[in-house]
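A.B. asks: Please read through the structure below; I'll follow up with questions.
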Amino acid sequence: MVQIGTFAPQGWRLELRGVDGAAAQWARTKGVALELERLGYDSLWLYDHFHTVPRPEIQPTFECWTTMAALAEATSRIRLGQLVTCALYRNPGYLAKISSCVDVISGGRVDVGLGAGWKEDEFAAYGYDFGTIRSRLDRMADTARILKAMWTEERASAQGKYFAVKDAVNEPKPLQRPHPPLWIGAQGERVALRMVAELADGWNHNRGPGIFEQKLEILHRHCRDVGRDPRTLRISVERTCAIFDDDRERQAFIRRYWPTNKPERINAFLDDSCVGTTEKVIDELRFFIDRGAELIILWFQDLADVGSGTSQAERFMERVAPVLRRS
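Our numbering puts the first residue of the sequence shown at 6, with every later residue one more than the last.
What follows is the structure in structure tokens.
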């Protein structure tokens, strides 16, 4: 049966704008996470960013792994992951320690998502070297190898192009065996998808249906080239989602949740997202499921309103999730 995940509101996409004060913003993040668990979502995901998009504003953005540790203690059933942890923001040995501890705190509910990073202004603002896309991908590959070594070996040693550990003790080990699921979010066809085939337990696709089959075919070819059965690779799809019964409802949503953006820009963004009637949303997500996606992860812009009875996350669980789970 397909698994359905969504995000906790962290503020990165300005979803906490309008909630007054840091303490109230954190209370909203935690409360929404608990409500999403109660609604029946299978997994809860966080972004790994330090300031807002599309530009840095004086608005909250709760840090990924700090937030995950707190939600690991607050929740009891829902799985917890990141889309994605930037492999350059934390030394991989340190990330192995963090992820192991959070897996223990959560009772073995952590998924680790890795990416190479893309937001150049964020790298510059926080003092990280952006480098080239190849250097970032190589650092991501080093991180994946070091994580697996430190999660599973008593004294881990691993030498990569950019990172290394030597006789590193990582205790406590994660509760999950052999280790937490390791996802990689990447789209580059020649290098990045080959790294997915070599190193990942799962691949996250965060684009539309138009290129999904092409990427999947290339990924499966890489799997075969490295001697891996493509069926052993899990597939997830991340989509921005909203269900509207008519255009009037759509325009009202835009005015409420993107009040400072140009309507034509938001309309173009929504047109490239999983947005429309209940039937349209079901059809698009079934497209991915029919082609091997076992996990659908959804972003809803009104996440801070979960619990109101009218939020998109609640509407999705009422109208769409039961149909997909019967697929």
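A virtual CB, placed ideally from N, CA and C, is assigned to each residue, including glycine.
Where does Asp310 fall in DSSP's three states?
C.D. replies: Translated into positions along the sequence shown, residue 310 becomes position 305. Three-state DSSP puts Asp310 in a helix.
A.B. asks: At what residue ranges does the stretch 220-293 contain a whole run of the beta strand (DSSP E), taking only runs of 3 or more?
C.D. replies: Correct list: 239-248 and 279-281.
A.B. asks: Among the residues of its own chain, which have a CB less than 7 Å from the CB of Ile259, if the five just before and after it don't count?
C.D. replies: Reading the sequence shown from its first residue, position 254 is the one you call residue 259. Cβ within range, chain order: Pro268 and Ile271.
A.B. asks: Where does Phe217 sit, in a helix, a strand or coil, going by DSSP?
C.D. replies: As a working mapping, residue 217 is identified with position 212 in the sequence shown. Here Phe217 sits in helix by DSSP.
A.B. asks: Identify every residue that forms a DSSP beta bridge with Thr11.
C.D. replies: Position 6 of the sequence shown holds residue 11. Thr11 pairs with Leu49 and Leu303.
A.B. asks: Starting from the Cα of Pro177, find the closest Cα among His210, Ile110 and Leu93 and give me that residue.
C.D. replies: Sequence index remark: in the sequence shown, residue 177 carries index 172 (1-based). The shortest C-alpha separation from Pro177 is found at Ile110.
A.B. asks: Excluding five sequence neighbours on each side, which residues of the same chain lie with their C-beta closer than 6 Å to the C-beta of Glu40?
C.D. replies: Residue numbering aside, residue 40 sits at position 35 when the sequence shown is read from its first letter. Closer than 6 Å at Cβ, skipping near neighbours: Val311 and Gly312.
A.B. asks: According to DSSP, simplified to helix, strand and coil, what is Ile189?
C.D. replies: The residue you call residue 189 lines up with position 184 of the sequence shown. Correct three-state label for Ile189: strand.
A.B. asks: Could you check what DSSP says for Lys124 in three-state terms: helix, strand or coil?
C.D. replies: Here residue 124 is taken as the residue at index 119 of the sequence shown, counted from 1. It is coil, neither helix nor strand.
A.B. asks: Indicate the three-state DSSP secondary structure (helix, strand or coil) for Ala169 in the structure shown.
C.D. replies: Here residue 169 is taken as the residue at index 164 of the sequence shown, counted from 1. The answer is strand: DSSP assigns Ala169 an E or B state.
A.B. asks: Gly36 by DSSP, collapsed to three states: which one?
C.D. replies: Mapped onto the sequence shown, residue 36 falls at position 31. If DSSP states are grouped into helix, strand and coil, Gly36 belongs with the helices.
A.B. asks: Excluding the 5 residues flanking Leu187 on each side, which residues of the same chain have their C-beta closer than 6 Å to its C-beta?
C.D. replies: Here residue 187 refers to the residue found at position 182 of the sequence shown. So the list reads Val117, Ala205 and Asp206, once near-sequence residues are dropped.
A.B. asks: Nearest chain C C-beta to Phe12 closer than 9 Å, yes or no?
C.D. replies: This model lacks chain C altogether; it includes just one protein chain.
A.B. asks: Of the residues Gly113, Arg261, Arg244 and Pro59, which one's Cα is nearest the Cα of Leu180?
C.D. replies: Sequence index remark: in the sequence shown, residue 180 carries index 175 (1-based). For the residues Gly113, Arg261, Arg244 and Pro59, the minimum Cα distance to Leu180 belongs to Gly113.
A.B. asks: The alpha helix (DSSP H) that contains Ala163, what's its start and end?
C.D. replies: By 1-based counting over the sequence shown, the position of residue 163 is 158. Looking at the DSSP string, Ala163 is not in any alpha helix (DSSP H); the run it does join, the beta strand (DSSP E), is Ala161 to Gln164.
A.B. asks: Just reading off the beta strand (DSSP E) that Gln317 is part of, what are its end residues?
C.D. replies: The residue you call residue 317 lines up with position 312 of the sequence shown. That residue, Gln317, is in no beta strand (DSSP E); its alpha helix (DSSP H) goes Gln317 to Arg324.
A.B. asks: With a cut-off of 8 Å on the beta carbons, I'd call Ser48 and Gln15 a contact; round off their distance for me.
C.D. replies: Residue 48 sits at position 43 when you count from the first residue of the sequence shown. Residue 15 sits at position 10 when you count from the first residue of the sequence shown. 15 Å between Cβ atoms; not a contact.
A.B. asks: Quick check: what's the CA-CA separation for Lys35 versus Ile301?
C.D. replies: For the purposes of this step, residue 35 is identified with residue 30 of the sequence shown, where counting begins at 1. For the purposes of this step, residue 301 is identified with residue 296 of the sequence shown, where counting begins at 1. Distance between the alpha carbons of Lys35 and Ile301 is about 22 Å.
A.B. asks: To the nearest whole angstrom, what separates the beta carbons of Glu299 and Arg239, a pair I think is in contact under 8 Å?
C.D. replies: Within the sequence shown, numbered from 1, the residue matching residue 299 stands at position 294. Within the sequence shown, numbered from 1, the residue matching residue 239 stands at position 234. Right, the Cβ-Cβ distance comes to about 6 Å (below 8 Å), so this counts as a contact.
A.B. asks: Is Trp17 buried or exposed, if buried means 16 or more other CB atoms sit within 10 Å of its CB?
C.D. replies: Here residue 17 refers to the residue found at position 12 when the sequence shown is read from its first residue. Label assigned to Trp17: buried.
A.B. asks: Identify which residue in Val115, Val170, Ala27 and Leu21 has its Cα closest to the Cα of Tyr262.
C.D. replies: Stepping through the sequence shown from its first residue, residue 262 is reached at position 257. Minimum Cα distance to Tyr262 is reached at Leu21.
A.B. asks: With DSSP collapsed to three states, give me the class of Thr90.
C.D. replies: Against the sequence shown, residue 90 aligns to sequence position 85. Of the three classes helix, strand and coil, the one that applies to Thr90 here is strand, per DSSP.
A.B. asks: Only counting the same chain, and skipping five residues up and downstream in sequence, which positions put a Cβ closer than 7 Å to that of Val397?
C.D. replies: Nothing in the structure corresponds to residue 397, since the chain is present only between 6 and 332.
A.B. asks: Can you tell me whether DSSP reads Leu21 as helix, strand or coil?
C.D. replies: For the purposes of this step, residue 21 is taken as the residue at position 16 of the sequence shown. If DSSP states are grouped into helix, strand and coil, Leu21 belongs with coil.
A.B. asks: In or out: Trp123 buried (at least 16 other Cβ within 10 Å) or exposed?
C.D. replies: Taking the sequence shown and counting its residues from 1, one reaches residue 123 at position 118. Trp123 is exposed by the Cβ-count criterion.
A.B. asks: Can you list, in chain order, the residues of its chain whose CB lies under 7 Å from that of Ser332, leaving out five sequence neighbours each side?
C.D. replies: Your numbering for residue 332 matches position 327 in the sequence shown. Correct list, in chain order: Val7, Arg291 and Ile294.
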